[in-house]
Amino acid sequence: MWLKPEEVLLKNALKLWVQERSNQYFVLQRRRGYGEEGGGGLAGLLVGTLDAVLDSTSKVAPFRILHQTPDSQVYWSIACGSSREEITEHWNWLEHNVMNTLSVFDSNEDITSFVQGKIRGLIAEEGKSSFVKEEDPEKFREGLMKFEKCFGLPEQEKLVTYYSCSYWKGRVPCQGWLYLSTNFLSFYSFLLGAEIKLIISWDEISKLEKTSNVILTESIHVCSRGEDHYFSMFLHISETFLLMEQLANYAVRRLFDKETFENDLVLHDPLQITKRGLESRAHSEQFSSFFRLPKEETLKEVHECFLWVPFSHYNTHGKMCISENYICFASQDGSLCSVIIPIREVTGVEKADPANRGVSISTRGKTAFRFTEVRDFEQLVAKLRMKCNATSSPQHILNTEVTASSTSDSPKDVDAGPSKMGQRDNSKTVITEALMTVYHPQDAENLDSKMLKEKMKEQSWNILFVERGHGVSMFRTKKTRDLVVRGIPEALRGELWLLFSGAVNDMASNPGYYTELVEKSLGTCTLATDEIERDLRRSLPEHPAFQSDTGISALRRVLTAYAYRNPQIGYCQAMNILTSVLLLYAKEEEAFWLLVAVCERMLPDYFNRRIIGALVDQAVFEELIRVHLPQLTDHMTDMTFFSSVSLSWFLTLFISVLPIESAVNVVDCFFYDGIKAVLQLGLAVLEYNMEKLLTCKDDAEAVTVLNRFFDSVTNKDSPLPPAVQQGSNLSHTKSDHPNVDITDLIRESNERYGDIRYEDVESMRCRNRLYVIQTLETTTKQNVLRVVSQDVKFSLSDLDELYELFKKEHFLSCYWNVHSPVLQHHDASLPYLEQYRIDCQQFRVLWHLLSPWSHCANRDSLALWTFRLMDESSDCLINFKQFACVLDTMYNGSFTDKLKLLFKLHIPPAFTEVESLSPSKGGDLSKEELIHFSQLSVSDIGDSLESDSSKSSPEKGKGRVDIQAYLKQWQDELLKKEENIKDLPRMNQSQFIQFSKTLYNLFHGDPEEELLYRAIAVVTSLLLKMEEVGRRLQVPTSAVKGPVATMEVPAEIPRPGQEKSSAEQTEGSGTQSLRGSHEWSFAFEQILASLLNEPALVRFFEKPHDIKVKIESAKNLQLKARTRM
3 MWLKPEEVLL KNALKLWVQE RSNQYFVLQR RRGYGEEGGG GLAGLLVGTL
53 DAVLDSTSKV APFRILHQTP DSQVYWSIAC GSSREEITEH WNWLEHNVMN
103 TLSVFDSNED ITSFVQGKIR GLIAEEGKSS FVKEEDPEKF REGLMKFEKC
153 FGLPEQEKLV TYYSCSYWKG RVPCQGWLYL STNFLSFYSF LLGAEIKLII
203 SWDEISKLEK TSNVILTESI HVCSRGEDHY FSMFLHISET FLLMEQLANY
253 AVRRLFDKET FENDLVLHDP LQITKRGLES RAHSEQFSSF FRLPKEETLK
303 EVHECFLWVP FSHYNTHGKM CISENYICFA SQDGSLCSVI IPIREVTGVE
353 KADPANRGVS ISTRGKTAFR FTEVRDFEQL VAKLRMKCNA TSSPQHILNT
403 EVTASSTSDS PKDVDAGPSK MGQRDNSKTV ITEALMTVYH PQDAENLDSK
453 MLKEKMKEQS WNILFVERGH GVSMFRTKKT RDLVVRGIPE ALRGELWLLF
503 SGAVNDMASN PGYYTELVEK SLGTCTLATD EIERDLRRSL PEHPAFQSDT
553 GISALRRVLT AYAYRNPQIG YCQAMNILTS VLLLYAKEEE AFWLLVAVCE
603 RMLPDYFNRR IIGALVDQAV FEELIRVHLP QLTDHMTDMT FFSSVSLSWF
653 LTLFISVLPI ESAVNVVDCF FYDGIKAVLQ LGLAVLEYNM EKLLTCKDDA
703 EAVTVLNRFF DSVTNKDSPL PPAVQQGSNL SHTKSDHPNV DITDLIRESN
753 ERYGDIRYED VESMRCRNRL YVIQTLETTT KQNVLRVVSQ DVKFSLSDLD
803 ELYELFKKEH FLSCYWNVHS PVLQHHDASL PYLEQYRIDC QQFRVLWHLL
853 SPWSHCANRD SLALWTFRLM DESSDCLINF KQFACVLDTM YNGSFTDKLK
903 LLFKLHIPPA FTEVESLSPS KGGDLSKEEL IHFSQLSVSD IGDSLESDSS
953 KSSPEKGKGR VDIQAYLKQW QDELLKKEEN IKDLPRMNQS QFIQFSKTLY
1003 NLFHGDPEEE LLYRAIAVVT SLLLKMEEVG RRLQVPTSAV KGPVATMEVP
1053 AEIPRPGQEK SSAEQTEGSG TQSLRGSHEW SFAFEQILAS LLNEPALVRF
1103 FEKPHDIKVK IESAKNLQLK ARTRM
């Protein structure tokens, strides 16, 4: 590898390098200790240690080339190499292309200048085709070279970055290098002859956290497959940890959580991942999540500045964040002030107060925002003006201030189009009013005390709007949160939910989208629509709005439209309860966009098949309980109680456990503060009931305590009529429990737990996501092992190791293939056994690593036939049960079982001729040939079974599931009887010849090889004689003359050395002589009986094999096998 020329001091005391070749201008050196017997003694050990610890060119390669000029003491390093061949190639290039040219220069300075320029040109030329694009390309290339040399991973494995650090082996730190690549965390250290090499795949990590203790002031703890690893002494530990966290989560999403990954186009190609890209992505995600912006927004610029707050008459310090479509500001001085300015709303950008580097931004709402102390403010003004001009086209001009307002008449005009379009069919008429205004209109004349309080709340908000602005660009401050905690007025609830959730931005960017979805989706029939219909009447059934067709139809349209928009989620229970509350306070289209905001941004992965997001937040909740309520965790022996009891809190935002008039106050806080509000309220509920929970003897008693508490929660200020209020109906029956006002409960939760930071919650979510997904994977494995262990004789520990190897092989096919078909086959919604399946190519790798017959010369053919035998569904994939059962037969089966397996491998449907395609390769098959043969004669069967398979396999998001087909499949499994050997078909002539070849190959290398060869020859001869006798008894003598000539030929089946030529003669002469007459064939009973007569054959097949040895070998070789392929 060519290196950027650097000066080298050649006179050093340790003599680290040995000169191997030299000429007038160049010197080739070898690192002392490399390639020498015994490692070069003590000097070699010291050099090796230095190479591992020091960050220098010498740490990379054992060979280097230096440039020198006559009479000069200065040397320049220009190339290095990991092998003698590589460095010799560089040396030869210099001699042929550079040496002759140097003689024309007059001075040494000119020679050195020319050489340096030439080397830099070579590096630049190499860099054009290289995908390495990091801050310091030369240094990164060195790291990449050592990474490839140390770990031997495939070329496609993309190194993202590397760090110097210490790895702790017990209490001893080992200094070395940590390499972070797309699929692996790798560590290498070489100290005084002791080499440490560690490779952990990201998908195996269950815990990743920053820790500290007495010995390790600050370290990164990695837990993989039950083993703990600690890394410390990083220069920038926070940056390192963030990248590790991102790479681990990327791998988890790609391999385990296909539903969310498919929507993430940025991470879809592993080769495009870079350190800089990951860092910018992390900042963009934090930015869009904090300001509730569409996920597509990417952070472009960040400027530290001051924002003038007119109602408080002071400048607040913070950061201005700019994306493609938004200008946002968040204070950093504790004032909790934030502003979101959509560029579509901006009417002008001007320089203001140049002395203070000011920028003034005017919006349609007649508000001007003044930023000062902005670095490069002139350039910023020019950029913002360009952005505003680009978005001032007619289709972008939509006044969200008006659209979001529920009180004005203009929204009805906006929605007039949809309602007119739907007049033909009432079921498609999008309603343009919130259901609450229809079913509970406010009586302006007869105001009771509750309605007076409601009007006072509205007045407070109106004053706030006058001071701080109204609409999407309003100032959001501590006063805003205080008003939200008190409860948003009924009349403003829909509008403010839309603003605080960011749904207003989605709606403004997609005019007419919802109406179009309703038109497309209504009338479709899928699994999701069936579930929606089933749950429609269960959504707030006590509310009059959902006792009528108006509310039910609106709920149906919103849920069906969302299932159509996002088939990965489709429909999940709890979405109906949430949507019904949204429809009470928001117009139908607004309710749809609120649902989008909740499902896709605010509660990510909550509503997929495995509700991973909810489980992650439950784990975060448990963590917060340990920190804030330690006495409760000390009392509860099992923390899973909190998970089971709080699942509905998270999935329905407390709507399912609190009376509706109280639950909406929780939803208010959720839309303003996100999941943080739900976590805080959960902690407050547990603390409020602490004394009673500490006296509970079991979980059931604790659940009763919490249920009674929720029934007692009221909203004394709710203006809803008593007929609708659930709390008022229950309060008189629960007199033993004092009533708790929801406003007081929420205020208390804010006061006690308001210091929980948004950033901490996101960090805990990231950390617990790995744990939750690995826990789900462990559950899958336990269920698979429980089912499979009933059918095999392997111990549970061996079966566990086999499952890990099987699953690893599945993943190895996904690591370096962007469009891996195996990745597409993984579906967490399928039954446990079907979640991980492998194809023929992957099975061949495992066969070579694990089969006791893998030494066989035709092992590829055997692997292919075994795969075809197991592939009963003809979809070219097998599951772990099929894999384990066939291995169990080879290792633990009786003589009859093993022979039956070999017999079945040489008859259809398993058997197919394979050698004719590539005779030059012997028994080895290419990947393409293997796939071709595995699909051979399968497609026809697949076509004939297509209708059956469509019934018996579960639908993935669309269509109906045929329950009858499932029941029939289950019944067939229960009634499956032991296969009778008499039912096996007979083996014909060509199949028998191949069967005999396989036996000869299996015997090769056995201690009793000669004895086995003689035994099989005797058995073959005996079988042919038996067949001849049988035929003489059944057919006329004249018809037997053909076969008699070939009777003795198969008995001389060749040994491995001469196998090919004589076998072909045997097969050829046999088939020619039998052409036109009856072929001979054998039944399994005949072959079994003949082989049982030979003790050597019986001993061979009954010889025990230890699967543990093969498993340990496979664990070490699996990755190398994939690399070679």
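Quick note: the sequence shown uses this note's numbering, first residue 3, plus one each step. We treat Cβ as the ideally placed atom computed from N, Cα and C, and that holds for glycine.
(request) Measure the Cβ-Cβ separation of Leu338 and Arg483 and say whether it is below 8 Å. (result) Within the sequence shown, residue 338 is the residue found at index 336, counting from 1. Within the sequence shown, residue 483 is the residue found at index 481, counting from 1. Less than 8 Å divides the Cβ of Leu338 from the Cβ of Arg483.
(message) Using 8 Å as the threshold, is the C-beta distance between Tyr490 and Leu498 below it?
(response) Counted from its first residue, the sequence shown places residue 490 at position 488. Counted from its first residue, the sequence shown places residue 498 at position 496. In the sequence as displayed, the identity of residue 490 is Ile instead of Tyr. It is a contact, given that the beta carbons lie within the stated cut-off.
(message) Going by DSSP, what residue range makes up the beta strand (DSSP E) through Asn25?
(response) Indexing the sequence shown from 1 puts residue 25 at position 23. Unbroken run through Asn25: none, as it is neither H nor E.
(message) Do Arg32 and Glu22 have their beta-carbon atoms positioned less than 8 Å apart in this structure?
(response) Start at 1 with the first residue of the sequence shown, and residue 22 comes out as number 20. Start at 1 with the first residue of the sequence shown, and residue 32 comes out as number 30. Closer than 8 Å, so yes.
(request) Tell me whether Thr517 is buried or exposed, calling it buried when 16 or more other Cβ atoms sit within 10 Å of its Cβ. (result) Numbered from 1 along the sequence shown, position 515 holds the residue referred to as residue 517. That one is buried.
(message) Suppose you measure from the CA of Ala593 to the CA of Leu519; what does that come to, to the nearest Å?
(response) Within the sequence shown, residue 593 is the residue found at index 591, counting from 1. Within the sequence shown, residue 519 is the residue found at index 517, counting from 1. Cα to Cα, the separation comes out at about 14 Å.
(message) Per the DSSP calculation, Phe189 is bridged to which residue(s)?
(response) Counted from its first residue, the sequence shown places residue 189 at position 187. Answer is Leu180 and Leu200, bridged to Phe189.
(request) Rounded to whole angstroms, what's the CA-CA distance from Leu146 to Ile758? Just pull it up for me. (result) For the purposes of this step, residue 146 is identified with residue 144 of the sequence shown, where counting begins at 1. For the purposes of this step, residue 758 is identified with residue 756 of the sequence shown, where counting begins at 1. Distance between the alpha carbons of Leu146 and Ile758 is about 41 Å.
(request) Mind checking who Tyr232 pairs with in its DSSP beta bridge? (result) Taking the first residue of the sequence shown as 1, we reach residue 232 at position 230. The partner list for Tyr232 (beta bridge, DSSP) reads His223.
(message) Does Arg839 come out as helix, strand or coil in the three-state DSSP assignment?
(response) By one-based count along the sequence shown, residue 839 stands at place 837. DSSP places Arg839 in strand when its eight states are reduced to three.
(request) Along the beta strand (DSSP E) that carries Val106, what are the first and last residues, could you check? (result) On the sequence shown, position 104 is the one that residue 106 refers to. Segment: none, Val106 is in no beta strand (DSSP E) and carries neither H nor E.
(message) By alpha-carbon positions, which one of Lys120, Arg173, Leu584 and Val680 ends up nearest to Arg749?
(response) For the purposes of this step, residue 749 is identified with residue 747 of the sequence shown, where counting begins at 1. Here the closest residue by C-alpha is Val680.
(message) Buried or exposed, going by whether 16 or more other CB atoms sit within 10 Å of the CB of Asn185?
(response) Within the sequence shown, the letter at position 183 stands for residue 185. That one is buried.
(request) Quick one: using the 10 Å Cβ neighbour count with 16 as the cut-off for buried, is Pro910 buried or exposed? (result) As a first step, residue 910 is located in the sequence shown; it is residue number 908 there, counting from the start. Classification for Pro910: exposed.
(request) Can you have a look at Ile465 and say buried or exposed, based on whether 16 or more other CB atoms are within 10 angstroms of its CB? (result) As a first step, residue 465 is located in the sequence shown; it is residue number 463 there, counting from the start. Burial call: exposed.
(message) Using a Cβ-Cβ cutoff of less than 6 Å, which residues in the same chain neighbour His850 once the five nearest sequence positions on both sides are dropped?
(response) Stepping through the sequence shown from its first residue, residue 850 is reached at position 848. The residues are Ser856.
(request) Let me know if Ser922 comes out buried or exposed under the rule of 16 or more other beta-carbons within 10 Å of its beta-carbon. (result) The sequence position of residue 922 within the sequence shown is 920, counting from 1. Low confidence applies here, because Ser922 scores a pLDDT of 44, under 50, leaving its location unreliable and the question unanswered by this model.
(request) Tell me whether Lys589 sits in a helix, a strand or coil according to DSSP, three-state version. (result) Within the sequence shown, the letter at position 587 stands for residue 589. Coil.
(message) Looking only at its chain, what residues have a beta carbon closer than 6 Å to the beta carbon of Ala665, apart from the 5 residues adjacent to it on each side?
(response) In the sequence shown, residue 665 corresponds to position 663, counting from 1. The residues are Phe656 and Ile657.
(request) Below 8 Å CB to CB, which residues in the same chain sit around Gly367 once its five sequence neighbours on both sides are set aside? (result) As a working note, residue 367 is residue 365 in the sequence shown. If we look at Gly367 and ignore the five residues flanking it on each side, its Cβ neighbours are Glu347, Glu403, Gly471, His472, Gly473 and Ser475.
(message) Phe808 and Ile1 - do their beta-carbons sit closer together than 8 Å?
(response) Here the chain covers residues 3 to 1127 and nothing more, so residue 1 does not appear.
(message) Please return the same chain residues whose Cβ sits closer than 7 Å to the Cβ of Ser1128, not counting the five positions on each side in sequence.
(response) Limits of the chain in this structure are 3 at one end and 1127 at the other, which puts residue 1128 out of reach.
(request) Can you tell me which of Gly1007, Asp1008 and Trp1082 puts its alpha carbon nearest to the alpha carbon of Val1031? (result) Position 1029 of the sequence shown, counted from the first residue, corresponds to residue 1031. Answer by Cα proximity: Trp1082.
(request) State buried or exposed for Lys984, treating a residue as buried only when at least 16 other CB atoms are found within 10 Å of its CB. (result) Here residue 984 corresponds to residue number 982 of the sequence shown, with the count starting at 1. The residue is exposed, with fewer than 16 neighbouring Cβ atoms inside 10 Å.
(message) Using a Cβ-Cβ cutoff of less than 7 Å, which residues in the same chain neighbour Lys277 once the five nearest sequence positions on both sides are dropped?
(response) Counted from its first residue, the sequence shown places residue 277 at position 275. So the list reads Glu136, Val162, Thr163 and Leu245, once near-sequence residues are dropped.
(request) Return the CA-CA distance between Val647 and His285, expressed in angstroms with no decimal places. (result) Within the sequence shown, numbered from 1, the residue matching residue 647 stands at position 645. Within the sequence shown, numbered from 1, the residue matching residue 285 stands at position 283. Each residue's Cα considered, the two are about 34 Å apart.
(message) Out of Arg771, Asp793, Ser645 and Tyr805, which one is the CA nearest neighbour of Gln784?
(response) Position 782 of the sequence shown, counted from the first residue, corresponds to residue 784. If you compare the alpha carbons of Arg771, Asp793, Ser645 and Tyr805 with that of Gln784, the shortest gap goes to Tyr805.
(request) Go to Asn317, then tell me how far its beta strand (DSSP E) extends in each direction, as first and last residue. (result) To locate residue 317, count along the sequence shown from 1; it is residue 315. Its beta strand (DSSP E) spans residues Tyr316 to Ile324.
(message) Using C-beta distances below 7 Å, list every residue in its chain close to Phe882, excluding the 5 sequence neighbours before and after it, in chain order.
(response) Taking the first residue of the sequence shown as position 1, residue 882 is located at position 880. For Phe882, where only same-chain residues beyond five positions count, the Cβ hits under 7 Å are Val786, Val790, Tyr805, Phe808, Leu835 and Tyr838.
(message) Below 8 Å on the Cβ atoms is my contact criterion, and I expect Gly188 with Phe236 to pass it. Report the Cβ-Cβ distance as a whole number of Å.
(response) By one-based count along the sequence shown, residue 188 stands at place 186. By one-based count along the sequence shown, residue 236 stands at place 234. A small correction: the amino acid at residue 188 is Ser; Gly does not occupy that position in the sequence shown. Not a contact, Cβ separation roughly 16 Å.
(message) Judging by CA-CA distance, which residue of Glu663, Leu708 and Lys699 is the nearest neighbour of Ser1129?
(response) As displayed, the chain neither begins before 3 nor continues past 1127, which places residue 1129 out of reach and without an answer.
(request) Give every residue of the same chain whose Cβ lies closer than 7 Å to the Cβ of Leu1014, excluding the five residues on either side of it in the sequence, and list them in chain order. (result) As a working mapping, residue 1014 is identified with position 1012 in the sequence shown. Same-chain partners within the cutoff: Phe1005, Asp1008, Ala1098, Leu1099 and Phe1102.
(message) Let's test the definition: count the other Cβ atoms within 10 Å of the Cβ of Thr114 and tell me whether it reaches 16, buried, or not, exposed.
(response) Position 112 of the sequence shown, counted from the first residue, corresponds to residue 114. Its Cβ being crowded by 16 or more others within 10 Å, Thr114 is buried.
(message) With a threshold of 8 Å on Cβ separation, who are the neighbours of Phe885 within its own chain once the five nearest residues in sequence on each side are excluded?
(response) Taking the first residue of the sequence shown as 1, we reach residue 885 at position 883. Only Leu804, Phe808, Ile840, Phe845, Leu848 and Met872 meet the Cβ criterion.
(request) Using the Cα positions of Phe233 and Cys167, report the straight-line distance between them to the nearest angstrom. (result) The residue labelled residue 233 in the question sits at position 231 within the sequence shown. The residue labelled residue 167 in the question sits at position 165 within the sequence shown. Rounded to the nearest angstrom, the two C-alpha atoms are 7 Å apart.
(request) Would you give the residue range spanned by the alpha helix (DSSP H) that Glu492 belongs to? (result) For the purposes of this step, residue 492 is taken as residue 490 along the sequence shown, with counting starting at 1. Here the alpha helix (DSSP H) through Glu492 covers Glu492 to Ser503.
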